[in-house]
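In the numbering used here, the protein residues as written are 438 to 637. Even glycine gets a Cβ: it sits at the ideal position worked out from N, Cα and C. All of these numbers come straight from a predicted model, not from anything done at the bench. Working notes, structure below.
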């Protein structure tokens, strides 16, 4: 009985190999051949799942975007008994590359953001992701203001934009820090931001 190959599983394996290369070398190190070697596949096998490098990059980007989308969608006004400020702090701390896995993820995102500067399709996808995050945050902030979890009077749209800009700055500064340097400054910034958001 011939073994059935799960095409989607193999495509995910290829994307994971691409992520590992991107985390080490950026997207400059990504090619069909280097990804095949990293994944332990032949070049021909990779070409059966992706006809071009662009197709492979687009699939990997979509996978990374789904993970980011799920993380942003998890921010709610009062999830599991936590207040919105508590949940926001938890989510913001989760963006910091505090271990090797999250540092690799942050480096991958840095590579994709750099690619978006010259690849309109990536820029469009990032803008779409930002729009979804903005809408989710705006709804959560408005709900928290209605229930007293956040002070009323500040436009939810402005606060959502402030949080997104802060998140971008936090992970960019964290991913550029010297190896082994603590994330003390970034954590302090998060605590200061939460205090400012909740000040009455």
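Residue j beta carbon less than 9 Å from that of residue i
i           : j           : result
residue 659 : residue 556 : Outside the displayed span of the chain (438 to 637) sits residue 659, for which this structure offers no information.
residue 635 : residue 522 : yes
residue 574 : residue 593 : yes
residue 627 : residue 526 : yes
residue 614 : residue 620 : yes
residue 542 : residue 504 : yes
residue 464 : residue 549 : yes
residue 509 : residue 570 : yes
residue 534 : residue 611 : yes
residue 597 : residue 513 : no
residue 638 : residue 624 : No information on residue 638 is available, as it lies outside the stretch 438 to 637 that the chain covers here.
residue 478 : residue 450 : yes
residue 551 : residue 563 : no
residue 470 : residue 455 : no
Pick from the options that is closest to residue i, judged by C-alpha positions
i           : options               : result
residue 641 : 502, 491 and 621      : Any answer about residue 641 is impossible in this case: the structure gives the chain only from 438 up to 637.
residue 583 : 491, 451, 520 and 530 : 520
residue 609 : 539, 455 and 511      : 539
residue 559 : 624, 590, 493 and 532 : 493
residue 447 : 467, 470, 468 and 482 : 482
residue 511 : 474, 617, 588 and 572 : 572
residue 617 : 474, 537 and 553      : 537
residue 587 : 467, 632, 455 and 553 : 632
residue 467 : 528, 532 and 490      : 490
residue 585 : 568, 486, 637 and 622 : 637
Cβ-heavy atom distance, residue i to the ligand HEM, below 8 Å
i           : result
residue 509 : Of the ligands one can find in the structure shown there are none, so the ligand HEM has no counterpart to examine.
Q: Just list the alpha helix (DSSP H) runs in the stretch 573 to 616, keeping only unbroken ones of 4 residues or longer that don't cross its boundaries, in chain order.
A: 593 to 612
Q. Can you find at least 3 beta carbon pairs, one from the stretch 450 to 470 and one from the stretch 494 to 511, that sit closer than 8 Å?
A. yes
Q | Every unbroken alpha helix (DSSP H) inside the stretch 470 to 542 [4 residues or more] | A | 480 to 486, 490 to 510 and 521 to 532
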